[in-house]
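Asker: Protein chains in written order, with UniProt numbering: chain A, 1 to 342; chain B, 1 to 342.
All C-beta atoms in this analysis are idealised placements derived from N, C-alpha and C, irrespective of residue type, glycine included.
Everything numeric in this text was worked out from a predicted model, so none of it was measured.
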């Protein structure tokens, strides 16, 4: 490899107050270090933007440490090994890791997992076969525990996780109801993803939509958004219903505490379980997930939806758009112009 | 038995708006019907007042039907069979049933359970050996699932349920923290019930008290009150903490929806489980409960606390006081003046 290889990376320039803006980010040219013993150098093809990254832009303690000002962001990325100093990976291998928001990443080989580009397009390892896919899988099956014949409601259903939750629930014999933020997305849910019913949460009160679409109530609610839809779902839950708390995108840009569900008291009489989870606790289910999800993909039982934004320099724009709901399906940024993807 | 036996019962005269008042209740003299085939006539000695009854005074659907206007209230009561037309019970038997708020109850023998007045004072079957005791037992052990060495916080800790939660948690090797509404109750928690720490929630923000008393966080929160203390507890929960949602007495008299916990989103990153429960779902644990609790009582490991109000006519006053927190331990009304109780 050439000495003094140059690459670009996106730094966090300032912490967003409310909705992030371009000025919170900075594209910086850097010299890529040589990999040390045990490390690999990976050229990124695609990187992921995910809602959870918004939390890491605040300076608050959580299950993942906050991003540091003046340093590169990180997150899921898939690429190809161009230099290896580890027996675990060889040059030419395709890998997924957490070195996103940059052209090249350098890191310990143990931090990367080999992926098979013949099984699915490379960027699928950031979506349906990656963290969002596994989030949908364990969140629905292990936290929500749906039973055939039950009604499953998922918010943010046009997103990377929500769309898979609906499709898996359908495969498990459930009635599926989804919400999204535009008429086009709602049509997509019904026509492409096989939802039994869907509504645009911007059209009116969620409680009213759920009254109409879930007349007999909800057994499992997969919550990606929090706020008004969580309250509405609690109101429509059946006895012994389960709520998988996955995220609360409606609140991520909030600058002051947002009201909690005023009807949480109903959880007593209805014997509801609300359970928060994060996917990294469920690595024991990774093999099951990969087997099931790749099988469903192969058999055409799961539809792969994505929104691709071209160019590392547009990653901030992609992320800002994600929080606004600009995407349908998994949103990724194509970093390597020569990577055709799917 | 005499023909045309007279008795008194308390009717719901009007539905309370906010805090109940005496004018919502009416003491009515009635003629007690003869028990039919399969029924018994029971003379009540003690009746229970419980927070859940407030919900039944509203005209809303819940897990127990609402009380009807112009009819007798009902609820837990313990008494003696004075006339039996069932082989299941004989005259002189002591029984617990749900025919409270009256001098005499008549009902199917199957609706009553025999109790042993030698094992514990009669009114204990309305408290430590009755519904509140079983609520504490299953809510703490089966919903909260504490492990020795963990920190258990219980609100409403001077109440019938909360006081037992703290004592059971202590028996299981946990560190126990309780909240109550007066300095006297706080002293009671520490000195009589063996709580490791306690605070008066009226003294200042609950979040501040929990910061001081649970510096390492909370593993299990047993919620009797909802509102501010629930939010404060969510803020102090450790990762993988469990919240048993038992009741929300701070909200029972509310006339408009009360704010939910603004920090519920923390349940995701902390992987919290919030689970509502009602004791009647857990009858499969009744034998375990009775064996354990009566054993602890016999061995002096559980302290029996109660507040006794004398006279059926004072039952509304007792109930109103219960919602205000006038009681320490189980609040009961002595109906039969000749019943010495404990």
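Are there 16 or more other CB atoms within 10 angstroms of the CB of residue 232(A), so buried, or fewer, so exposed?
Answerer: Label assigned to residue 232(A): buried.
Asker: Any idea if residue 240(B) is buried or exposed, counting beta-carbon neighbours within 10 angstroms, 16 or more meaning buried?
Answerer: Per the 10 Å Cβ criterion, exposed.
Asker: Taking just the CA atoms, how far does residue 266(A) sit from residue 140(B)?
Answerer: Distance between the alpha carbons of residue 140(B) and residue 266(A) is about 19 angstroms.
Asker: Under 8 angstroms between the Cβ atoms of residue 297(A) and residue 120(A)?
Answerer: Closer than 8 angstroms, so yes.
Asker: Could you tell me whether the segment 312-325 of chain A touches the segment 14-29 of chain A, where touching means 3 or more Cβ pairs closer than 8 angstroms?
Answerer: Taking 8 angstroms as the limit for Cβ pairs, the verdict is that the segment 14-29 of chain A does touch the segment 312-325 of chain A.
Asker: Beta-carbon of residue 373(B) versus every beta-carbon of chain A: anything under 8 angstroms?
Answerer: This structure gives no information on residue 373(B), because the portion of chain B shown stretches from 1 to 342.
Asker: Do residue 122(A) and residue 256(A) have their C-beta atoms within less than 8 angstroms of each other?
Answerer: No; because the gap between Cβ atoms is not below 8 angstroms, this pair is not in contact.
Asker: Please report the residue range of the beta strand (DSSP E) in which residue 212(A) lies.
Answerer: No beta strand (DSSP E) holds residue 212(A); the alpha helix (DSSP H) holding it covers 206-213.
Asker: Rounded to the nearest angstrom, what separates residue 183(A) and residue 308(A) at their Cα positions?
Answerer: About 21 angstroms.
Asker: Taking Cβ-Cβ distances shorter than 7 angstroms, what residues in chain A pair up with residue 43(B)?
Answerer: Near residue 43(B) there are no residues of chain A at all, since even the closest Cβ is about 32 angstroms away, more than 7 angstroms.
Asker: Compare the C-beta of residue 109(B) against all C-beta atoms of chain A and say whether one is closer than 8 angstroms.
Answerer: Not an interface residue.
Asker: Cβ of residue 62(B) less than 8 angstroms from any chain A Cβ?
Answerer: Yes, its Cβ sits closer than 8 angstroms to a Cβ of chain A.
Asker: Is it true that the CB of residue 217(A) sits closer than 8 angstroms to the CB of residue 201(A)?
Answerer: In this structure, residue 217(A) does not lie closer than 8 angstroms to residue 201(A) by Cβ.
Asker: Start and end of the beta strand (DSSP E) containing residue 331(B)?
Answerer: Run containing residue 331(B): 330-334, per the beta strand (DSSP E) assignment.
Asker: Going by DSSP, what residue range makes up the beta strand (DSSP E) through residue 267(A)?
Answerer: It is not in any beta strand (DSSP E) - residue 267(A) instead sits in the alpha helix (DSSP H) that spans 266-269.
Asker: Going along chain B in order, which residues have a C-beta closer than 7 angstroms to the C-beta of residue 277(A)?
Answerer: Within 7 angstroms Cβ-Cβ: 271.
Asker: Considering only the alpha carbon of each residue, which of 110(B), 144(B), 92(B) lies closest to residue 99(B)?
Answerer: Checking every option, the nearest Cα to that of residue 99(B) belongs to 110(B).
Asker: When the Cα of residue 115(B) is compared with those of 106(B), 102(B), 129(B), 103(B), which residue comes out closest?
Answerer: If we check each option's Cα against that of residue 115(B), 129(B) comes out closest.
Asker: Hey, residue 357(B) and residue 78(B) are a contact pair by Cβ (cut 8 angstroms); roughly how many whole angstroms apart?
Answerer: The question about residue 357(B) has no answer here: the residues shown for chain B are numbered 1 through 342.
Asker: Report the neighbours of residue 249(A) on chain B: residues whose CB is nearer than 9 angstroms to its CB, in chain order.
Answerer: Residues of chain B passing the Cβ test: none, with the nearest at roughly 10 angstroms.
Asker: Measuring only between beta-carbons, confirm whether residue 327(B) sits less than 8 angstroms from chain A.
Answerer: No - not a single Cβ of chain A is within 8 angstroms of the one on residue 327(B).
Asker: Drop a sphere of 10 angstroms on the beta-carbon of residue 68(A), count the other beta-carbons inside from all chains shown, and report buried for 16 or more, exposed for fewer.
Answerer: Classification of residue 68(A): exposed, given that the 10 Å Cβ count is below 16.
Asker: Counting C-beta neighbours from all protein chains within 10 Å, is the total for residue 105(B) 16 or more, i.e. buried, or is it exposed?
Answerer: Burial call: buried.
Asker: Mapping the DSSP letters down to three states, classify residue 112(B) as helix, strand or coil.
Answerer: Coil.
Asker: For the beta strand (DSSP E) that residue 95(A) lies in, which residues bound it at each end?
Answerer: Residue 95(A) -> beta strand (DSSP E) spans 94-97.
Asker: Measure the alpha-carbon distance for residue 248(B) versus residue 259(B) and round it to whole angstroms.
Answerer: Answer to the nearest angstrom: the Cα atoms are 12 angstroms apart.
Asker: Would you identify the three-state DSSP class for residue 253(A), choosing helix, strand or coil?
Answerer: Three-state DSSP puts residue 253(A) in coil, outside helix and strand.
Asker: Run down chain B in chain order and give the residues with a C-beta less than 9 angstroms from the C-beta of residue 246(A).
Answerer: Within 9 angstroms Cβ-Cβ: 268.
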